[in-house]
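In what follows, a structure is listed as structure tokens, so that the remarks can point back to it.
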Amino acid sequence: MTPLNRATADAGTAAPVRIVHLGLGAFHRAHQAWYTQHASDAPEWGIAAFTGRRPDAATALSAQDGLFTLIERGAEGDKFELITSIVEAHDGADVAALSRLVAAPSTAMVTLTITEAAYNLAADGTLDFTNPTVQSDIDALRIITAQDPQEAHDAGHAPAAVSAAGRLVQALVARRAAGTGPIAVVSCDNLANNATAARAAIGGLADVVDPALGAWVAENVSFVGTSIDRITPRTTEAEIALVQAECGYADSSPVVTEPFSDWVLSGDFPAGRPDWASAGAVFVDEIEHFENRKLWLLNGAHSLLAYAGQLRGHTTVAQALADPSCAAWITEFWDEAEANLPAEGLAIPAYRAALLERFGNARIAHHLAQIAMDGSSKLRMRAVPVLKAELGAGRSGAGAARLIAAWVAFLRQSHTTGAAIADSAASDLQAALALGTGADLKALVAVLDVELAGQADALAAIAAQIENLSTGE
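Per the UniProt record's numbering, the very first residue in the sequence shown carries number 1; after that it's consecutive.
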């Protein structure tokens, strides 16, 4: 079988690196890489992408010169497209390469898909200084800013940050030293006010490490907010075999996604950006309502299906949606979310109808176990704001309370069976669960939101929905 690379695919010369990306995963490749390839000025914009915790994706993509196949999986069949916009793939731990690329005068922006948990923020949205990784990064970055980085590297004891935000701050130190000017940081993670979150993580680290560095970041780094939407399940061996059969080459790293895509952005790009609008992206002055529409309606429903669906024996989104109880619970939650969004400008009825069609696409095997990961950081944005708003308006908030209740019930089941809890706050959740059923509720909710955990009516609403989950009401 023919190996996939630029020569065998006749892909032409790689575009120059002008975008650095942190978080080389399937979603980035289905979304930002796709939009960049489809921009009218695509030949001018290449992406150098860095992995997160493991180097595997970079190793596989580097062997293919960054190329991969995007499988657009619609209800009627599959379409295959070769994506060429990623021109370099690196191990995320290679902070020297990251620093070199971020410092380059040709680099205009850094994009992020590092997951909600990787920002290492506390429940109040500020940098969590109690996090050991944050403290480790602060120590390393203080050494870096206190000495000449090249001398430290030559001496063989150059420190390196560990978190994505820490590594980016280390790279920004290099950009400041190089004098290559302002740069944009574009968060593409499912966070409310993700530009603010990125500023809190990156600017917060810079401020505490070196006030002068913090001032430079505040003056030279633009934080762009986004609302992103394209369902992208994990790739399996079946997709690898399918690409070989249909495309005639061996691709170790195809990505499967749905036909639908959406990207809304707000912010400044001081060093320029691709013509993403020509590929369908939308640029707005205010993005908060678009973010909340996506976080509450799509992501909130996904989380509800992930926990309630697995409790009821389902494994994929399409299976859970076919369950009348799960479908009814989504409708109730959506009604509550819609009540707290503007009636104009968001086309919410059409958005809801499109979500039902997308969720029901059984050809997209979107596994609930994948969605259920890191629930503590996800529900903080997907469920807590809706429940607070509903209770504040004097309404029951039953739909949002049920989402949190399903998460609690799922955690309790995992604790009882000894299943691992895939969550960045797993130790806090395990400590809460050790208190025993009933006594654990307030502690679990406090991991999501301390203020909500102090509201007796909120705890009562969640407890009531835990009881109702078993009956399907």
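Yeah, the Cβ is synthetic: ideal placement off N, Cα and C, and Gly gets one too.
* Asked: Which whole-angstrom value describes the C-beta separation of tryptophan 329 and glycine 399, a residue pair presumed to lie in contact below a C-beta threshold of 8 Å?
  -> Here residue 329 is taken as the residue at index 329 of the sequence shown, counted from 1. Here residue 399 is taken as the residue at index 399 of the sequence shown, counted from 1. So it is a contact: roughly 7 Å between Cβ atoms.
* **Euclidean distance between Cα positions of valine 110 and alanine 461** => As a position in the sequence shown, residue 110 is number 110, starting the count at 1. As a position in the sequence shown, residue 461 is number 461, starting the count at 1. So the two alpha carbons sit approximately 42 Å from each other.
* Closest by CA to lysine 79, which one among Ile466, Val256, Ala146? -> Taking the first residue of the sequence shown as position 1, residue 79 is located at position 79. For the residues Ile466, Val256, Ala146, the minimum Cα distance to lysine 79 belongs to Val256.
* To do: Please report the residue range of the beta strand (DSSP E) in which leucine 265 lies.
  => As a working note, residue 265 is residue 265 in the sequence shown. From DSSP, the beta strand (DSSP E) with leucine 265 extends over 262-266.
* Assumed close pair valine 17, alanine 48 - CB separation to whole angstroms, cut-off 8 Å -> Within the sequence shown, numbered from 1, the residue matching residue 17 stands at position 17. Within the sequence shown, numbered from 1, the residue matching residue 48 stands at position 48. About 5 Å; that satisfies the 8 Å criterion.
* Collapsed DSSP secondary structure at threonine 416 in the structure displayed -> On the sequence shown, residue 416 is found 416 positions in, with the first residue counted as 1. Correct three-state label for threonine 416: helix.
* To do: Identify, in the order they occur along the chain, each residue of the same chain with its Cβ nearer than 6 Å to the Cβ of asparagine 361, setting aside the five sequence neighbours on each side.
  => Here the question's residue 361 lines up with position 361 in the sequence shown. Cβ neighbours of asparagine 361 beyond the five flanking positions: Ala75.
* Looking at C-beta atoms only, is the number of pairs between the region 157-168 and the region 97-116 that lie closer than 8 Å three or more? -> yes
* Asked: What's the C-alpha gap between valine 224 and cysteine 247?
  -> As a first step, residue 224 must be located in the sequence shown, where it is residue number 224. As a first step, residue 247 must be located in the sequence shown, where it is residue number 247. Each residue's alpha carbon lies about 37 Å from the other.
* Can you list, in chain order, the stretches of the alpha helix (DSSP H) that have 4 or more residues and sit fully within the region 118-186? -> 132-146, 149-154, 164-178
* At least 3 beta-carbon pairs within less than 8 Å: the region 306-317 vs the region 363-372 -> yes
* For leucine 391, which of Thr130, Leu67, Ala406, Glu336 has the nearest alpha-carbon? -> Translated into positions along the sequence shown, residue 391 becomes position 391. The candidate whose alpha carbon is nearest that of leucine 391 is Glu336.
* Count the other CB atoms, across all protein chains shown, that sit within 10 Å of the CB of methionine 381; report buried if there are 16 or more and exposed otherwise. => If you number the sequence shown from 1, residue 381 lands on position 381. That one is buried.
* **Pair within 8 Å by beta-carbon distance, leucine 341 and isoleucine 348** => As a first step, residue 341 must be located in the sequence shown, where it is residue number 341. As a first step, residue 348 must be located in the sequence shown, where it is residue number 348. The beta carbons of leucine 341 and isoleucine 348 sit closer together than 8 Å.
* Asked: Leaving out five residues before and five after asparagine 220 in sequence, what residues of the same chain have Cβ atoms less than 6 Å from its Cβ?
  -> Reading the sequence shown from its first residue, position 220 is the one you call residue 220. Excluding residues within five positions, the ones whose Cβ falls inside 6 Å are Pro182.
* Asked: Where alanine 155 and leucine 411 are concerned, what is the direct C-alpha to C-alpha distance, given to the nearest angstrom?
  -> Sequence index remark: in the sequence shown, residue 155 carries index 155 (1-based). Sequence index remark: in the sequence shown, residue 411 carries index 411 (1-based). In this predicted model, alanine 155 has a pLDDT of only 47, less than 50, meaning its place in the structure is not dependable; the value taken from the coordinates is given anyway. In this model, alanine 155 and leucine 411 are separated by some 48 Å (Cα to Cα).
* Which listed residue (Ala104, Ala343, Phe333) has its alpha carbon closest to that of serine 303 -> Sequence index remark: in the sequence shown, residue 303 carries index 303 (1-based). Nearest option by C-alpha distance: Phe333.
* To do: Quick one: using the 10 Å Cβ neighbour count with 16 as the cut-off for buried, is alanine 419 buried or exposed?
  => Translated into positions along the sequence shown, residue 419 becomes position 419. Looking at its Cβ environment, which holds fewer than 16 other Cβ atoms inside 10 Å, alanine 419 is exposed.
* Quick one, are the C-beta atoms of leucine 321 and phenylalanine 260 less than 8 Å apart? -> Locating residue 321 in the sequence shown gives position 321, counting from the first residue. Locating residue 260 in the sequence shown gives position 260, counting from the first residue. The answer is no: Cβ separation not under 8 Å.
* For alanine 463, which residues of its own chain have a beta-carbon under 7 Å away from its beta-carbon, when the five flanking residues on both sides are left out? -> Within the sequence shown, the letter at position 463 stands for residue 463. Closer than 7 Å at Cβ, skipping near neighbours: Leu441.
* Determine the direct distance from the alpha carbon of glutamate 467 to that of residue 506, and round the result to whole angstroms. => Nothing can be reported for residue 506: it is not among the residues displayed for the chain, which extend from 1 to 473.
* Which residues in the same chain as alanine 160 place their Cβ atom closer than 6 Å to its Cβ, once the five residues preceding and following it in sequence are excluded? -> On the sequence shown, position 160 is the one that residue 160 refers to. If the five residues before and after alanine 160 are omitted, its C-beta is found closer than 6 Å to the C-beta atoms of Val95, all from its own chain and listed in chain order.
* To do: State the Cα-Cα distance for the pair aspartate 65 and glutamine 32, rounded to the nearest angstrom.
  => The count along the sequence shown starts at 1 and reaches residue 65 at position 65. The count along the sequence shown starts at 1 and reaches residue 32 at position 32. Roughly 18 Å between the two C-alpha positions.
* Straight-line gap, tyrosine 351 to serine 136 (C-alpha atoms, nearest Å) -> Numbered from 1 along the sequence shown, position 351 holds the residue referred to as residue 351. Numbered from 1 along the sequence shown, position 136 holds the residue referred to as residue 136. Cα to Cα, tyrosine 351 sits roughly 43 Å from serine 136.
* To do: Report the rounded CA-to-CA distance for isoleucine 19 versus leucine 435, giving the unit in angstroms.
  => By one-based count along the sequence shown, residue 19 stands at place 19. By one-based count along the sequence shown, residue 435 stands at place 435. Leucine 435 has its alpha-carbon roughly 48 Å from the corresponding atom of isoleucine 19.
* alanine 301 versus valine 317: straight-line alpha-carbon distance, rounded -> Within the sequence shown, residue 301 is the residue found at index 301, counting from 1. Within the sequence shown, residue 317 is the residue found at index 317, counting from 1. In this structure, the alpha-carbon of alanine 301 lies about 10 Å from that of valine 317.
* Per the contact definition of three or more C-beta pairs closer than 8 Å, is the region 119-135 in contact with the region 51-67? -> no
* **For residue 476, three-class secondary structure by DSSP** => Examination of residue 476 is not possible in this model, given that the chain is present from 1 through 473 alone.
* Asked: What residues are listed by DSSP as bridge partners for glycine 77?
  -> Taking the sequence shown and counting its residues from 1, the one referred to as residue 77 is at position 77. Its beta-bridge partners are Gly74.
* To do: Alpha carbon to alpha carbon, how far is threonine 59 from leucine 4? Give it in angstroms, no decimals.
  => By 1-based counting over the sequence shown, the position of residue 4 is 4. By 1-based counting over the sequence shown, the position of residue 59 is 59. Answer to the nearest angstrom: the Cα atoms are 14 Å apart.
* Endpoints, beta strand (DSSP E) assigned at glycine 46 -> The residue you call residue 46 lines up with position 46 of the sequence shown. 46-50 is the extent of the beta strand (DSSP E) around glycine 46.
* Chain-order list of residues whose beta-carbon lies under 8 Å from that of valine 102 (same chain, five-residue window excluded) -> Taking the first residue of the sequence shown as position 1, residue 102 is located at position 102. Val20, Val110, Leu168, Ala171, Leu172, Ala174, Arg175, Ile183, listed in sequence order.
* Asked: With respect to the alpha helix (DSSP H) encompassing serine 62, which residues constitute its N-terminal and C-terminal limits?
  -> Here residue 62 refers to the residue found at position 62 of the sequence shown. It spans 56-62 - the alpha helix (DSSP H) in which serine 62 sits, taken as one unbroken run.
* **Span of the alpha helix (DSSP H), counted from its first residue to its last, around alanine 369** => Here residue 369 is taken as the residue at index 369 of the sequence shown, counted from 1. It spans 368-372 - the alpha helix (DSSP H) in which alanine 369 sits, taken as one unbroken run.
* Smallest Cα separation from glycine 203: which of Val185, Ala192, Asn190, Leu191? -> The count along the sequence shown starts at 1 and reaches residue 203 at position 203. Nearest C-alpha to glycine 203: Val185.
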